[in-house]
Amino acid sequence: MSAQKATQLLSREEHPHDEGDLSQQSHEEWIFLNRNTLDMKLLREVLDALRRIDGGTYGICPGCEEPISPKRLDAVPWAKFCVSCQERIASGISLEEEDRYQEARQ
Ligand SMILES: [Zn+2]
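Just remember that my numbering sits 1017 ahead of the position in the sequence shown, which is counted from 1.
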C-alpha cells in the first residue's frame, strides 16, 4: 500500500460523513428505481385506458357498470373503476382478480 493510499484511507475514516454520502446515494437510487416502477404501472394503466377508449368502454366502471364520475376522470383520466369499486378492490380483491372475474363474466 502506498503512503498516499494509506493517507487517503485514514482521512476517509476521519470523515464519517463520506459513509453518509454513500447511503444517501443508494437511497436516491432506490427512489429512482421505485419511481420507475411506478411509471411503468402508470404507463400500463394509461395504455389500458386507451384500449377502453378504443373499445368504447372508457368511463364505465367494469365493477358496477356505472359511469365513472367526470370529476374522478378529471383527476385520474386512466381510472378504471369508480371510487366505491376502487375502494372495494383496494380493501381486498386485487385488480388482477377483478380482471379475471370480468373476463369470466364476458
Ligand atoms: Zn364501480
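Positions of the beta carbon are idealized from the N, C-alpha and C atoms, including for glycine.
Coarse secondary structure for Pro-1087, derived from DSSP in three states: helix
Cα-Cα separation between Gly-1073 and Ile-1048, rounded to whole angstroms: 37 Å
Using the Cβ count rule (16 or more neighbours within 10 Å means buried), how would you classify Ile-1085? buried
Is there at least one non-hydrogen atom of ligand 1 closer than 8 Å to the beta-carbon of Ser-1101? yes
Three or more C-beta pairs closer than 8 Å, one from the segment 1087-1097 and one from the segment 1055-1065: is that the case here? yes
From the DSSP secondary-structure annotation, give me the bridge partner or partners of Ile-1077. Pro-1084
Span of the alpha helix (DSSP H) holding Ala-1096? It is not in any alpha helix (DSSP H) - Ala-1096 carries neither H nor E in the DSSP assignment.
Looking only at its chain, what residues have a beta carbon closer than 8 Å to the beta carbon of Arg-1089, apart from the 5 residues adjacent to it on each side? Ala-1096, Cys-1099 and Val-1100
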